[in-house]
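Taking it in order: structure first as structure tokens, then the write-up.
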Amino acid sequence: MSRILIVGCGHLGSAIGIRLAAQGHGVWGMRRDPSKLPMNLNPVEGDVTIPNTLRRIPDVDLVLYLVRPDRDDEATLSGTLTRGPRYLVEAFRAKGLRPKRFFVGSSVSVFGDRGGEWVDEDSEPKPRDAMAVALHAGERLLREAEAPVTVLRYGEVYGPDRPGLRDALRRGAGVFPNPTAHANLIHIRDAVEATLHLLTRKRLEPLYLMVDRKPAPRLEVLAWLAEHHGAQLPAVDGAVAAPYDVRAMSERLVESGFRFQYPTYREGYRRLR
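In this note's numbering, the protein residues as written are 302 to 574.
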């Protein structure tokens, strides 16, 4: 069994931590307010944007970094997504600790707008919005730090208690941008299980795309959701650019032995009510 630190225990990080603890691993969770951690995670108080708060980091085998900013201003994005992972590596080194591997959560949005072309782990990132730029810069800084790193570029995570296309549709939320842009999705249960699968593997690649097996145009997904959940198809505006448009492939994840419970949005959303 391994000792694992999860930095950034939001919905995904907490779900992963609970599963790891149930399997018998020693799990620590870091948050600015550790009182919000699940009870079966060992609490660690820390703020990745303030290096001197990271002195309480435990001696662990693996680190999973899933911090997401609570604001979208440049300083917050840079602090949490770009400098934060590097500060964490430096904090471990300052204490003479050497985790076997750092896993860092990123996003397929770093590929930018490529007109819906297929991308895989060998495709060049071309981030265009501020969050994607900060995420990609964080990936690059970690590699330059020469730490053992595996980057996990997640698609849009959806599922119970996760606001997403279905919930926006039910609320009648505004106008959706560029309906031909593709949605790269992954159900929360698959996101959790795929991450667990990689955390427990001995042989790893430096990068995985964490998406389901069928990227689809957003309009297709919206139309299917409207039909199956009794909602009205919202207005769409092709003149408004989506933050990114690619079709991400998860072949590397599947070749590692992972099997999806919800291989497409249809299986995943059909279970949601």
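C-beta: ideal position from N, C-alpha, C; glycine also.
Stretch-stretch touch, CB-based, cutoff 8 Å, three pairs: the stretch 322-330 with the stretch 388-399 = no
Secondary structure of R519, DSSP reduced to three states | helix
Collapsed DSSP secondary structure at S379 in the structure displayed | helix
May I ask you to report which of helix, strand or coil DSSP gives T501?
-> coil
With a CB to CB cut of under 8 Å and the five nearest residues on each side skipped, what residues in its chain are close to E528?
-> none
Please report how far the alpha carbon of T381 lies from the alpha carbon of L500, in whole angstroms.
-> 22 Å
Helix or strand or just coil, what does DSSP make of A484?
-> strand
Is the number of C-beta pairs between the stretch 332-342 and the stretch 498-517 that are closer than 8 Å three or more?
-> no
Could you please give the first and the last residue of the uninterrupted beta strand (DSSP E) stretch that includes F404?
-> R402 to S408
Residues near A495 in its chain [Cβ-Cβ closer than 7 Å; skip 5 each side] | M511, L554 and F559
Would you say D414 and D546 are within 7 Å of each other, going by their C-beta atoms?
-> yes
Cβ pair S408, L436 closer than 7 Å = yes
Rounded to whole angstroms, what's the CA-CA distance from L497 to I487? Just pull it up for me.
-> 15 Å
State the start and end residues of the unbroken beta strand (DSSP E) segment that holds V345.
-> N343 to E346
Own chain partners of S315 with C-beta closer than 6 Å, once the 5 adjacent residues on each side are dropped = P339
C-alpha gap between T377 and D371, whole angstroms = 8 Å
Below 8 Å on the Cβ atoms is my guess for D360 versus T354; work out the distance and round it to an integer in Å.
-> With a Cβ gap of about 18 Å, D360 and T354 do not count as contacting.
How many whole angstroms separate the CB atoms of G460 and R490, which I take to be in contact at a CB cut-off of 8 Å?
-> 6 Å
Short check: CB of F403 to CB of P426, under 7 Å?
-> no
Residue from G311, N343 and V434 with nearest C-alpha to L367 = G311
Buried or exposed: where does I351 fall if 16 or more other Cβ atoms within 10 Å of its Cβ makes it buried?
-> exposed
Beta-bridge partners of T451, as assigned by DSSP | F404
Would N485 be called buried (16 or more neighbouring beta carbons within 10 Å of its own) or exposed?
-> buried
Identify whether Y545 lies in helix, strand or coil by the three-state DSSP scheme.
-> coil
Which residues share a DSSP beta bridge with Y570?
-> Y570 pairs with nothing; no bridge assigned.
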